[in-house]
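Numbering (this note's numbering), first residue to last: -17 to 120.
This is the structure:
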């Protein structure tokens, strides 16, 4: 098997909704297949259920210690990525990046790694509404 280092760039990992459940199952499937996983979440989880599960499974997950005041802001992701995550990602040396949804963490990564040739796999079933439409306007 060709083992991969898979970097997950997630905007959030808080609720019991479909996005978190979907991402958790993708993470577990890849981990159970022998791949290395690193997870970066763009906002501090409001509910720690998924983070606790990942910690129990010893899957590394990083997130900032603050919440957004506005869904449209990306200042948390930018500061978090540049101050803490960029070096961690470089040391992990991902061979593939996975994003779901295609949002603020993906944009932040692309802005700060313009020469990257790492393939990005993106899935998205989020419907644009007042809380998500900003993802596509940057």
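We treat Cβ as the ideally placed atom computed from N, Cα and C, and that holds for glycine.
Pairwise C-alpha distance: residue j and residue i
i	j	result
residue -1	residue 98	31 angstroms
residue 125	residue 5	Lying outside -17 to 120, the shown extent of the chain, residue 125 is not represented and no answer is given.
residue 16	residue 105	21 angstroms
residue 13	residue 65	27 angstroms
residue -15	residue 47	32 angstroms
residue 63	residue -13	18 angstroms
residue 71	residue 78	11 angstroms
residue -17	residue 11	15 angstroms
residue 61	residue 82	21 angstroms
residue 31	residue 96	34 angstroms
residue 1	residue 7	10 angstroms
residue 92	residue 19	19 angstroms
For residue i: DSSP bridge partner residues
i	result
residue 104	81
residue -10	21, 80
residue 43	21
Closest Cα partner of residue i within the set the options
i	options	result
residue 45	25, 37, 64	25
residue 34	1, -3, 61	-3
Beta carbon of residue i nearer than 8 angstroms to that of residue j
i	j	result
residue -5	residue 42	no
residue 23	residue -11	no
residue 80	residue 103	yes
residue 94	residue 68	yes
residue 39	residue 21	no
residue 87	residue 59	yes
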